[in-house]
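Following: one structure in structure tokens, then a few remarks.
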Amino acid sequence: MKNRVNAILLTAALSGLIGGTTVAAAQTAAPATPTSVKSSAKVLKAGLKYAGQDQPAKHSCKGKNDCKGQGGCKTGDNGCKGKNSCKGKGGCATDGSKPELFLA
Amino acid sequence: MSSHPTSLEAIQREMAAAVMRPLTADEEMQATAPDGRAMSEVAASFIAPNSRLDAFERLEIYNRQYWFRVLGALAEDFPALQAIVGGRAFEALSVAYLTAHPSRSFSLRNLGSRLIEWLVAHPQFAGRRHRLAVDVARIEWAFVEAFDLAEREPLTREQIATLDGDSRLALQAHVQLLALEYAADDLVLKLHKRDKRQTSEAGVKEYEVHAAPAKLPGFRRRPTWVAAHRVDNSVYYRRLAREEFLTLNALRRGLPLGEALSAGFADSRMPEPRRAGFVRDMFSNWAELGWVCAPELESLIKT
Numbered sequence: 000m001k002n003r004v005n006a007i008l009l010t011a012a013l014s015g016l017i018g019g020t021t022v023a024a025a026q027t028a029a030p031a032t033p034t035s036v037k038s039s040a041k042v043l044k045a046g047l048k049y050a051g052q053d054q055p056a057k058h059s060c061k062g063k064n065d066c067k068g069q070g071g072c073k074t075g076d077n078g079c080k081g082k083n084s085c086k087g088k089g090g091c092a093t094d095g096s097k098p099e100l101f102l103a
Numbered sequence: 000m001s002s003h004p005t006s007l008e009a010i011q012r013e014m015a016a017a018v019m020r021p022l023t024a025d026e027e028m029q030a031t032a033p034d035g036r037a038m039s040e041v042a043a044s045f046i047a048p049n050s051r052l053d054a055f056e057r058l059e060i061y062n063r064q065y066w067f068r069v070l071g072a073l074a075e076d077f078p079a080l081q082a083i084v085g086g087r088a089f090e091a092l093s094v095a096y097l098t099a100h101p102s103r104s105f106s107l108r109n110l111g112s113r114l115i116e117w118l119v120a121h122p123q124f125a126g127r128r129h130r131l132a133v134d135v136a137r138i139e140w141a142f143v144e145a146f147d148l149a150e151r152e153p154l155t156r157e158q159i160a161t162l163d164g165d166s167r168l169a170l171q172a173h174v175q176l177l178a179l180e181y182a183a184d185d186l187v188l189k190l191h192k193r194d195k196r197q198t199s200e201a202g203v204k205e206y207e208v209h210a211a212p213a214k215l216p217g218f219r220r221r222p223t224w225v226a227a228h229r230v231d232n233s234v235y236y237r238r239l240a241r242e243e244f245l246t247l248n249a250l251r252r253g254l255p256l257g258e259a260l261s262a263g264f265a266d267s268r269m270p271e272p273r274r275a276g277f278v279r280d281m282f283s284n285w286a287e288l289g290w291v292c293a294p295e296l297e298s299l300i301k302t
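Line order of the protein sequences matches chains H and U. Heads up: the first sequence begins at 0 in numbering that gives the first Met the number 0, then just goes up one per residue. Heads up: the second sequence begins at 0 in numbering that gives the first Met the number 0, then just goes up one per residue.
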């Protein structure tokens with residue numbers, strides 16, 4: 000009995016996978032459909048959108064850069080530069096690589 | 000007597016230690032080094048003065064900038080946590096956390112990677128809503144992970160045609176599964192919307208150290224399962240049924256498909272006649288969202 004139930008669930012899982020993959024493939028393949036329309040069906044199933052990601056890049060140095068105009072700050076002024084360039088743009092480390100450590 | 004670091008590595012280590020040392024309550028560099036030497040002496044051992052600033056003052060610039068930067072970065076990644084504990088408590092929490100786990104990566108993206116485990120072990124920093132704060136931190140860290148973790152090719156129809164109950168599947172790395180004690184996902188969404196609105200109105204949001212803790216409605220513990228994930232470069236979160244979470248979690252742990260389904264329905268109260276349709280729908284949704292992919296070959300090799 001248990002085996003039969005498991006077989007039913009397995010069949011359901013595989014048919015669901017086939018169905019969903021077919022839908023996704025059809026959306027991707029439809030050449031005349033605008034991207035926004037193509038992804039809208041997917042977005043409906045995605046859930047709720049995280050609202051915080053459209054914020055401007057980190058700017059906590061603003062107003063706190065006491066070194067400005069005092070000298071000795073060349074490296075400090077630019078220390079933030081380039082370190083957050085991907086933030087807010089999405090999908091920028093999709094190779095799954097791990098960052099290098101700079102300290103032992 | 001002043002001791003001068005002799006190698007470049009020694010200078011770098013001394014500089015890093017000084018820069019990453021917490022500031023005083025007045026946001027100044029501490030006057031004494033951990034070994035008891037005066038910081039003015041430490042600074043003078045590897046930094047020259049200029050016409051306007053002595054060595055201590057020049058080093059202090061970097062010390063302050065490091066802390067202003069990392070505190071701001073952490074607050075930006077955990078705005079809901081900050082709202083729940085309040086600005087002042089969040090700063091104390093951040094300083095204590097970043098002292099225990101200073102920045103070790105080239106990217107500030109990784110700054111909060113150990114905050115959850117640290118917060119679990121240090122409830123005194125989260126106030127009376129410690130467990131809720133942990134849930135909120137978990138959701139916010141999941142957003143960071145979902146935002147940029149890898150995405151691989153989803154399963155193809157040809158690959159699906161070869162599957163059986165013994166097949167192992169993988170989930171996209173950006174799909175983050177959360178089992179929460181509270182239904183904190185809606186709270187986080189509301190707090191993020193509020194945070195975003197304040198940012199828009201103010202143009203640029205300053206780090207809110209004086210903000211009082213947000214007034215929250217009464218929260219009862221209610222097991223809640225959530226997936227944070229990415230679609231078209233945007234992060235979403237989606238409530239999951241218990242059975243859906245358990246099945247996904249079993250697949251992520253590498254269980255074969257048949258066993259994952261059994262794990263998903265262990266102790267389930269869902270009537271058996273409903274289960275097949277439920278399973279078909281959830282697998283269909285996952286496939287449509289591209290969540291399911293083939294496991295990497297290395298993960299299949301038994302060691």
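All residues carry an ideal CB built from backbone N, CA and C; glycine is no exception.
Exposed unless 16 or more other CB atoms sit within 10 angstroms - verdict on residue i
| i | result |
| --- | --- |
| Phe105 (chain U) | exposed |
| Arg268 (chain U) | exposed |
| Asp194 (chain U) | buried |
| Leu92 (chain U) | buried |
| Thr303 (chain U) | For chain U, the structure presents residues 0 to 302; residue 303 (chain U) sits outside this window and is missing. |
| Ser102 (chain U) | buried |
| Lys41 (chain H) | buried |
| Glu56 (chain U) | buried |
| Ser50 (chain U) | exposed |
| Gly276 (chain U) | exposed |
| Glu27 (chain U) | exposed |
| Ala232 (chain U) | Note that residue 232 (chain U) corresponds to Asn in the displayed sequence, not to Ala. Exposed, because fewer than 16 other Cβ atoms sit within 10 Å of the Cβ of Asn232 (chain U). |
| Asn2 (chain H) | exposed |
| Leu215 (chain U) | exposed |
| Glu271 (chain U) | exposed |
| His228 (chain U) | buried |
| Leu131 (chain U) | buried |
| Gly35 (chain U) | exposed |
| Ala211 (chain U) | exposed |
| Asp266 (chain U) | exposed |
Three-state class that DSSP yields for residue i in the structure shown
| i | result |
| --- | --- |
| Ser283 (chain U) | helix |
| Tyr49 (chain H) | coil |
| Trp66 (chain U) | helix |
| Tyr181 (chain U) | coil |
| Val187 (chain U) | helix |
| Ser166 (chain U) | coil |
| Arg130 (chain U) | helix |
| Leu239 (chain U) | strand |
| Thr31 (chain U) | strand |
| Ser39 (chain U) | helix |
| Val18 (chain U) | helix |
| Leu118 (chain U) | helix |
| Glu13 (chain U) | helix |
| Pro78 (chain U) | helix |
| Glu56 (chain U) | helix |
| Arg307 (chain U) | Since the first residue shown for chain U is 0 and the last is 302, residue 307 (chain U) is missing from the structure and cannot be characterised. |
| Glu150 (chain U) | coil |
| Arg268 (chain U) | coil |
| Asp25 (chain U) | coil |
| Ala210 (chain U) | coil |
| Arg113 (chain U) | coil |
| Phe89 (chain U) | helix |
Residue i versus residue j - alpha carbon distance
| i | j | result |
| --- | --- | --- |
| Trp66 (chain U) | Tyr96 (chain U) | 12 Å |
| Pro122 (chain U) | Leu190 (chain U) | 22 Å |
| Val291 (chain U) | Met14 (chain U) | 47 Å |
| Arg127 (chain U) | Ala25 (chain H) | 51 Å |
| Ala226 (chain U) | Glu75 (chain U) | 21 Å |
| Phe282 (chain U) | Gln29 (chain U) | 57 Å |
| Glu243 (chain U) | Thr31 (chain U) | 55 Å |
| Ala178 (chain U) | Ala11 (chain H) | 25 Å |
| Asp163 (chain U) | Asn248 (chain U) | 19 Å |
| Leu358 (chain U) | Tyr236 (chain U) | Only positions 0 to 302 of chain U appear in the structure, and residue 358 (chain U) is not among them; the question remains open. |
| Gly19 (chain H) | Ala160 (chain U) | 13 Å |
| Phe264 (chain U) | Thr246 (chain U) | 8 Å |
| Ala169 (chain H) | Ala23 (chain H) | Missing from the structure shown is residue 169 (chain H); chain H here goes from 0 to 103 and no further. |
| Glu8 (chain U) | Val18 (chain U) | 15 Å |
| Pro222 (chain U) | Leu154 (chain U) | 31 Å |
| Thr23 (chain U) | Glu150 (chain U) | 43 Å |
| Arg68 (chain U) | Phe218 (chain U) | 33 Å |
| His173 (chain U) | Arg251 (chain U) | 12 Å |
| Ala16 (chain U) | Gln158 (chain U) | 52 Å |
| Asp15 (chain H) | Arg156 (chain U) | Note on identity: in this sequence residue 15 (chain H) is Gly, with Asp being the wrong assignment. Approximately 11 Å, taken between the alpha carbons. |
Beta bridge counterpart(s) of residue i as assigned by DSSP
| i | result |
| --- | --- |
| Thr223 (chain U) | U:Leu179 |
| Tyr61 (chain U) | Per DSSP, none; premise fails for Tyr61 (chain U). |
| His228 (chain U) | U:Tyr235 |
| Val291 (chain U) | U:Leu170 |
For the segment 6 to 19 of chain H, which residues have a CB atom closer than 7 Å to at least one CB atom of chain U, in sequence order?
Ile7, Leu8, Leu9, Ala11, Ala12, Leu13, Ser14, Gly15, Leu16, Ile17, Gly18 and Gly19
Which residues, in order along the segment 206 to 237 of chain U, keep a beta-carbon less than 8 Å from a beta-carbon of chain H?
Tyr206, Ala226, Ala227, His228, Arg229, Val230, Asp231, Asn232, Ser233, Val234, Tyr235, Tyr236 and Arg237
If you measure beta-carbon to beta-carbon, which residues of the segment 267 to 282 of chain U are closer than 9 Å to chain H?
Glu271, Arg274, Ala275, Gly276, Phe277, Val278, Arg279, Asp280, Met281 and Phe282
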